[in-house]
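Have a look at the structure below before the remarks.
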Amino acid sequence: MEENSQLKDISDNRKIVEMLRNNDEESFDAVYRYYFQKLFAFACQYLSRDEAEEVVQETMVWLWENRDKLIAELNLKTLLFTIVKNKSLNKISHQKVKQKVHQEIVEKFDEQFSSPDFYLETELFELYQEALKKVPEEFRKTYEMHRNGNLTHKEIAEKLNVSPQLVNYHIGQVLKILRAELKDYLPIMVALGIIKL
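Numbering of the sequence shown is given in the UniProt record's numbering, commencing with residue 1 and proceeding in unit increments.
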């Protein structure tokens, strides 16, 4: 009976997020028990068992450390799976392998990962876009080449015919502005991959 009660609580996203924000350790334990094996099985498709366990542990630590930043409208399940997905991809060092794995994830979990609820595009992504508008155009161009084009500072410098130091400065200034503008949402945006710090 107790287990069914926990499952009911877990399915009430707003309530569980509210309880986590209020430092309720029992709610965190319930989330941990409910999601750990699911997240572990997901990560094991792309990582070794040890690495998968490490990624899930890191994700749960992140959840507890950032509980006060959680947003009730953001589905906890999709948040946790996104963090595990991003952390798993970061552990795969070879770029071609990473692209292949990323494509597999997209194909297998397309519906889940592309749902509007998943990224709260109407809110978080909009806030991000609004913050970017406050960045000088020259800086923004450099930042977007780095973020969207996955180019290194050196590659960007060569394309723009400027020094790598200037590229580094531009990106640093953009991140400084984004940190200030989005400070209340930053941990979640970074975890979801909306912003790369």
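In this text, a Cβ means the ideal position worked out from N, Cα and C, and glycines have one as well.
To the nearest angstrom, how far is it from the Cα of residue i to the Cα of residue j?
| i | j | result |
| --- | --- | --- |
| residue 90 | residue 23 | 29 Å |
| residue 83 | residue 188 | 9 Å |
| residue 131 | residue 123 | 12 Å |
| residue 151 | residue 145 | 6 Å |
| residue 191 | residue 137 | 26 Å |
| residue 55 | residue 148 | 24 Å |
| residue 163 | residue 71 | 40 Å |
| residue 199 | residue 183 | This structure gives no information on residue 199, because the portion of the chain shown stretches from 1 to 197. |
| residue 86 | residue 195 | 12 Å |
| residue 156 | residue 81 | 32 Å |
| residue 135 | residue 127 | 13 Å |
Determine the DSSP secondary structure at residue i, reduced to helix, strand or coil.
| i | result |
| --- | --- |
| residue 187 | helix |
| residue 177 | helix |
| residue 151 | coil |
| residue 18 | helix |
| residue 171 | helix |
| residue 73 | coil |
| residue 164 | helix |
| residue 45 | coil |
| residue 156 | helix |
Use the C-beta contact count for residue i: other C-beta atoms within 10 angstroms, 16 or more gives buried, fewer gives exposed.
| i | result |
| --- | --- |
| residue 27 | buried |
| residue 88 | buried |
| residue 61 | exposed |
| residue 30 | buried |
| residue 43 | buried |
Check your understanding: Taking one C-beta from the segment 8-20 and one from the segment 45-60 each time, how about it: are there three or more such pairs within less than 8 Å?
Key -> no
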